[in-house]
Amino acid sequence: MIADQGMVDKTFKSQSGRNFVIKYVPVSNGCIILISEDSDQIGAISVSISSSNKSNTAKVIPSKYDSIFINTISEMVSRMKNGICITSLYSLKQLTLDDMKIIMDQIRDLIRT
């Protein structure tokens, strides 16, 4: 995917029956990832920057349920892109392990394309 191609939307249903939307916006020095359940909403926000194989993360808006998960996504993507990753996660309730796995897989697919 070329950074100038713009936003990519991906909608999917997890094994637990929850509907998620991922919006991925690539830019030349990183990306923005918005993950929301059922409707377009802004939720918890983490920002990570990668430098020399390590990343630093700031919680802009803390997560009510899944703070470690949103930080993990933000750090992973910033390292993959070698830049800045702004990640927002809105969920109605705590994510299950299967929800987290499918979200991570979908994000990896978006970044690799």
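The numbering of the sequence shown is numbering that gives the first Met the number 0, which starts it at 0 and goes up by one. By construction, the Cβ of each residue, glycine as well, lies at the ideal position given by its N, Cα and C atoms.
Taking the alpha-carbon positions, what's the residue i to residue j distance?
{"i": "Pro61", "j": "Arg17", "result": "22 Å"}
{"i": "Asp39", "j": "Lys22", "result": "9 Å"}
{"i": "Gln93", "j": "Ala57", "result": "21 Å"}
{"i": "Ile110", "j": "Tyr64", "result": "25 Å"}
{"i": "Val20", "j": "Asp97", "result": "16 Å"}
{"i": "Arg107", "j": "Lys100", "result": "11 Å"}
{"i": "Ile85", "j": "Leu91", "result": "20 Å"}
{"i": "Ile69", "j": "Gly5", "result": "23 Å"}
{"i": "Val113", "j": "Tyr89", "result": "Any question about residue 113 goes unanswered here, given that the chain covers just 0 to 112."}
{"i": "Ser51", "j": "Asn28", "result": "15 Å"}
With burial defined as no fewer than 16 other Cβ atoms inside 10 Å of the residue's Cβ, what is the status of residue i: buried or exposed?
{"i": "Met75", "result": "buried"}
{"i": "Met0", "result": "Annotation note: pLDDT 38 at Met0 (below 50); position unreliable, no value reported."}
Select from the options the residue whose C-alpha is nearest the C-alpha of residue i.
{"i": "Met79", "options": "Phe11, Asp8, Thr112 and Ile41", "result": "Thr112"}
{"i": "Val26", "options": "Lys9, Gly82, Ile44 and Ser54", "result": "Gly82"}
{"i": "Lys12", "options": "Ser35, Val46 and Ser47", "result": "Ser35"}
{"i": "Ile31", "options": "Ile48, Ser15 and Asp37", "result": "Ile48"}
So for residue i, helix, strand or coil by DSSP?
{"i": "Asp108", "result": "helix"}
{"i": "Thr116", "result": "A query on residue 116 cannot be resolved here, the shown segment of the chain reaching from 0 to 112 and no further."}
{"i": "Ser90", "result": "coil"}
Open item on the list: In chain order, what are the residue ranges of uninterrupted beta strand (DSSP E) at least 3 long that sit wholly in the stretch 4-62?
Closed with: The stretch 4-62 contains these whole beta strand (DSSP E) runs: 7-12, 18-26, 29-36, 43-50 and 53-60.
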